[in-house]
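Enquirer:
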Amino acid sequence: MPFGYASPEQIMRDKADYARKGIARGRSVVTLQYVDGILFVAPNPSRALHKISEIYDRIGFAAVGRYNEFEELRLGGIRYADINGYTYDRSDVTGRGLANLYASNLGRIFTESIKSLEVEVVVAEVGDTKEGDAIYRLTFDGSVFDEHGFAAMGGQAEAVAGRLKERYRESMSLADALEVALTALTEPGGERPPVGQLEVAVLDRNREHRKFLRLTGARLERLLAQTSKSPAAPAAPPTTPPTTPPAAPPQGSGDTPPPTGPEGDVDDGSSPL
Amino acid sequence: MASHRDLPVGLVNHLFQNTGSSSFTEFVGSYAPDLLPRRDEVLATPIGDQVPHATTIVAATFAGGVVMAGDRRATSGNIISQRDVEKVFRADDYSCMGIAGTASTGIEFARLYRVELEHYEKVEGRSMSVQGKANRLATMIRGNLGMAMQGLVVVPLFAAYDPDRDEGRIFSYDVAGGPYERERFDAIGSGSIFARGSLKKLYRDGASADDMAMTLIQALYDAADDDSATGGPDVTRKIWPIVSVIDADGFRRLSEEEVYGYVQQMLEARLISPDGPIAPLR
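Chains A and B, in that order, are what the protein sequence lines are.
Under the numbering used here, the first residue of the first sequence is numbered 14, with each subsequent residue one higher.
Under the numbering used here, the first residue of the second sequence is numbered 1123, with each subsequent residue one higher.
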């Protein structure tokens, strides 16, 4: 512990700066509404360690920052949701309840611990109609932002959010929404991350039971092929919703599994810890 | 909505900090044990006959999958307590369970079991192996042994599509657990002896899902024919058995119209030969 006096304001400022720096080191994650629900896109070199996850039937989770920290939040969220769904009814588990749980936990850690969590989290819930969709963005200090249409977080979050805001339109098709997300995630003139390094998932309101679906392999490639054919064509006709059979049975190892995890859990030596 | 805010702070932290196994049942057992199906209390007198019982469930494999069907009758002693009860439940995308015995306990099991499988899948990022699913169910049944001795017996039949083998698998249980893997077909409940006899004659190796659904409906009819606790197709109220198919495409519950198609076909044939299709003698 440092010796001497620091004002509470100073301590809070230092903690916030510290957390912001940690979060800014990673790449961004984008969440946005499309015609059938909510799309999550994250550049992520790992196929096994996810930044995007299912929490419950209608609720998805995306996070940036330190992997071990947001993984703990993810597990806590799944437990909260499963407990409430089992105690009451599956329909009684809401994104708002989960966002509040995260906010109180993040806020408590920010004020009480020496080190705040270096994470930023999105809790998204898909409704029966697009008016029922909700995207909550939570920051390391427990603030909750009720986002409309889209949210960006992580490193370069402001630039990414700016590019998202320019291109985002209501009720885009899935392919168009993916195109917008990828454009937002790519610096102007920069190169897009290859398919193998993209983590993409949707909450599709047309699915039965559980709305969360990870888009991988051939399905993702087909979707990306659609986007490159019509680069951000504004008046593209709404494509038919993709057929969504239940998640494919677990498959064996892929051909090129990159060994690294999402940024944040990899100690690159620059961390002050 | 009641939420974490009703809980003491210590329990909220528990949600985040006590990362144990991926089992929802184990977690809920330490976090809120009263939510689990009753385990240890012993009733003064067995009340088995006073609560509704669910009866016959049948399941059979086909080429590349498995079909499960259940009748719709629940009885309390000799009273029919419900005519359209559902006893075949989707567990996850690739499995389902049917229950026979105490209906309330069975429904509770089915609800908990679904969360158990999903919880594991979300936490681990992969679905549980079929054998793992069967074993988890066995543990839950074992936990209910005390209540079973008091007459609250519940016995499930579990069916799943195994992606590693590209085939359907069936597991049955007794009140002390199990699981016992069954080749080809099995039936549980009071009508099961009759259904199993029927299935024995009608089962064909390598049949289609369509044929196997028909076979199960025939077997349920035969069970209802001889067992008063098993309900046959209710023509006047239009209540048909529940039929679920699981294959590589996942779990699918047949629609009312689809099942009605099979039932109608069967009933027409039974008007001519009431005992149903005849298996070859040699």
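All residues carry an ideal CB built from backbone N, CA and C; glycine is no exception.
1. My output table needs one value for Met185 (chain A): the three-state DSSP class, helix, strand or coil.
2. Is the beta carbon of Tyr31 (chain A) sitting closer than 9 Å to the one on Glu131 (chain A)?
3. Kindly indicate if chain B contains any beta-carbon less than 9 Å away from that of Thr199 (chain A).
4. Are the CB atoms of Val1276 (chain B) and Ile1263 (chain B) nearer to each other than 9 Å?
5. Does any C-beta atom of chain A lie closer than 9 Å to the C-beta of Tyr1153 (chain B)?
6. What is the residue span of the alpha helix (DSSP H) that Ala164 (chain A) lies within?
7. So, does the CB of Arg223 (chain A) fall closer than 9 Å to a CB anywhere in chain B?
8. Once you ignore the five residues that flank Leu236 (chain A) on each side, which residues in its own chain have a CB closer than 7 Å to its CB?
9. How would you call Leu1393 (chain B), buried or exposed, if buried means at least 16 neighbouring beta carbons within 10 angstroms?
10. Examine the Cβ distances between the segment 169 to 176 of chain A and the segment 98 to 107 of chain A and report whether three or more of them are shorter than 8 Å.
11. I need the boundaries of the alpha helix (DSSP H) containing Thr1177 (chain B), first residue and last residue.
12. How would you list, in chain order, the residues of chain B whose beta-carbon sits under 9 Å from the beta-carbon of Tyr80 (chain A)?
13. Looking only at its own chain, which residues have a Cβ that is under 8 Å from the Cβ of Ala116 (chain A), when we skip the five neighbours before and after it?
14. Is the CB of Arg1258 (chain B) under 9 Å away from at least one CB in chain A?
15. Please identify, using Cβ separations under 8 Å, the residues of the segment 51 to 78 of chain A that lie next to chain B, in order along the chain.
16. For Lys34 (chain A), does the count of other Cβ atoms within 10 angstroms reach 16, so buried, or fall short, so exposed?
17. Closer than 7 Å by C-beta to Gln169 (chain A): which residues in its own chain qualify, once you throw out the five before and the five after it? Chain order, please.
18. Rounded to a whole number of angstroms, what is the C-alpha to C-alpha distance between Ala94 (chain A) and Tyr1242 (chain B)?
19. Among the residues of its own chain, which have a CB less than 7 Å from the CB of Val48 (chain A), if the five just before and after it don't count?
20. Whole-angstrom Cβ separation of Asp217 (chain A) and Gly90 (chain A), contact assumed at under 8 Å?
21. Taking the straight line between their C-alpha atoms, what separation do you get for Asp281 (chain A) and Glu84 (chain A)?
22. Along the segment 1240 to 1255 of chain B, where does the CB come closer than 8 Å to a CB of chain A? Name the residues.
23. With which residues is Asp1369 (chain B) paired in a DSSP beta bridge?
24. Using a Cβ cut-off of 8 Å, which residues of the segment 87 to 101 of chain A contact any Cβ in chain B, in chain order?
25. With 7 Å as the limit, tell me which residues of the segment 1283 to 1310 of chain B have their beta carbon closer than that to any beta carbon of chain A; keep them in chain order.
26. Taking only beta-carbon positions, decide if Leu1376 (chain B) is within less than 9 Å of chain A.
Expert: Reading it off the structure:
1. Three-state result, Met185 (chain A): coil.
2. yes
3. no
4. yes
5. Proximity of Tyr1153 (chain B) to chain A, defined by a Cβ-Cβ separation below 9 Å, is satisfied.
6. Taken as a continuous stretch (DSSP letters only), Ala164 (chain A) belongs to no alpha helix (DSSP H), being part of the beta strand (DSSP E) at Phe163 to Met166.
7. For Arg223 (chain A), the answer is yes, since a Cβ of chain B falls inside 9 Å of its Cβ.
8. Leu187, Ala188, Leu191 and Leu228
9. Leu1393 (chain B) comes out exposed.
10. no
11. Counting along the chain, Thr1177 (chain B) falls outside any alpha helix (DSSP H), and DSSP gives it neither H nor E.
12. Here the premise fails: no neighbours, minimum Cβ distance about 13 Å.
13. Cβ neighbours of Ala116 (chain A) beyond the five flanking positions: Leu151, Gly155, Ser156 and Val157.
14. no
15. Taking 8 Å as the Cβ-Cβ cut-off against chain B, the residues of the segment 51 to 78 of chain A that qualify are Ala61, His63, Ser66, Glu67 and Ile68.
16. exposed
17. Cβ-Cβ distances below 7 Å link Gln169 (chain A) to Ser41 in the same chain, with the five nearest sequence neighbours on each side left out; the list follows chain order.
18. 13 Å
19. Ser184, Met185, Ser186 and Pro251
20. The beta-carbon separation of Asp217 (chain A) and Gly90 (chain A), rounded to 20 Å, does not stay under the 8 Å limit for a contact.
21. The predicted position of Asp281 (chain A) is uncertain, since its pLDDT is 43 and thus under 50; a value taken from the coordinates is nonetheless stated next. Approximately 19 Å between the Cα atoms of the pair.
22. Listed by position along the chain: Glu1240, His1241, Lys1244, Val1245, Gly1247, Arg1248 and Ser1249.
23. In the DSSP secondary-structure assignment, Asp1369 (chain B) is bridged to B:Gly1187 and B:Gly1372.
24. Leu88, Gly89, Ile91, Arg92, Tyr93, Asp95, Ile96, Asn97, Gly98, Tyr99, Thr100 and Tyr101
25. So the close ones are Pro1285.
26. no
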